[in-house]
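Working notes, beginning with the structure itself.
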Amino acid sequence: MDAQHAIITKRDTRSFRSEPVPDEQLTAVLKAARMAGSAKNAQLTRLVVVTDPETKVELAGCGDFTSWIGTTPVVVVFAIPVEEGRLFDVGRMAQNLMVSAHDQGLATCPITFHHQDKMREAIGLPADMEGPMGVVLGIPGPPAPARPRAPRIPLDELVHHERWEG
């Protein structure tokens, strides 16, 4: 699958089969995540790969919309030093992981951890680190009933050339 096709056809999913993600596929998506650029090439983001059922249940209580993640195959937590706050770097890494997973036939869904203290306790993350987001990853389950993709605003509304045009 070429990059353009992978980006355009990737959809978030919350339906996964129960079997584990094969190690070679998991390693491949982690390698793709690692290749994301970072500010000044600092490479401060760290990944915590969670497959333990009890820990995933704990993580399910760490976000306002994450109650469903306890039974998923893999949760990857993206961790960064608190004082750095490089959310842009985290987003780049997460997008690489999700597009790579889609290319390999895996499904993903990004999640936000709103309750940092609970999340730190669940995965043993030190106080000087935060885990603003994660990506749930697995083999796609039965497809949800087909619904049209949410429309995107037209490029002429999205893009301004040279200066903002109100």
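Going by full-length UniProt numbering, the first residue of the sequence shown is number 1, and it counts up by one from there.
Quick reminder that beta carbons are idealized off the backbone N, C-alpha and C, glycines included.
In this structure residue 65 is exposed. Its beta-carbon is surrounded by fewer than 16 other beta-carbon atoms within 10 angstroms.
Take residue 96, set aside five residues on each side of it, and the residues of its chain with a beta-carbon closer than 7 angstroms to its own are 32, 33, 35 and 36, in chain order.
Of all C-beta pairs linking the stretch 144-154 to the stretch 93-109, fewer than three are shorter than 8 angstroms, placing the two stretches out of contact. If you keep only unbroken alpha helix (DSSP H) runs of at least 4 residues inside the UniProt domain "Nitroreductase" (86-136), you get 87-103 and 116-123. Scanning 5, 1, 3 and 10 for the CA closest to the CA of residue 107 turns up 10. The beta carbons of residue 74 and residue 26 sit closer together than 8 angstroms. Counting only runs of 3+ residues, the beta strand (DSSP E) found wholly inside the stretch 10-94 occupies 46-50 and 74-81, in chain order. Excluding the 5 residues flanking it on each side, residue 15 has same chain C-beta neighbours closer than 8 angstroms at 107, 140, 141, 142, 143 and 144, in chain order. Rounded to whole angstroms, residue 81 and residue 164 show a C-alpha spacing of 34 angstroms. By the C-beta density criterion, residue 121 is exposed, having fewer than 16 other C-beta atoms within 10 angstroms.
Counting along the chain, residue 162 sits inside no alpha helix (DSSP H), nor does DSSP assign it H or E at all.
Under the DSSP definition of a beta bridge, residue 138 partners with 107.
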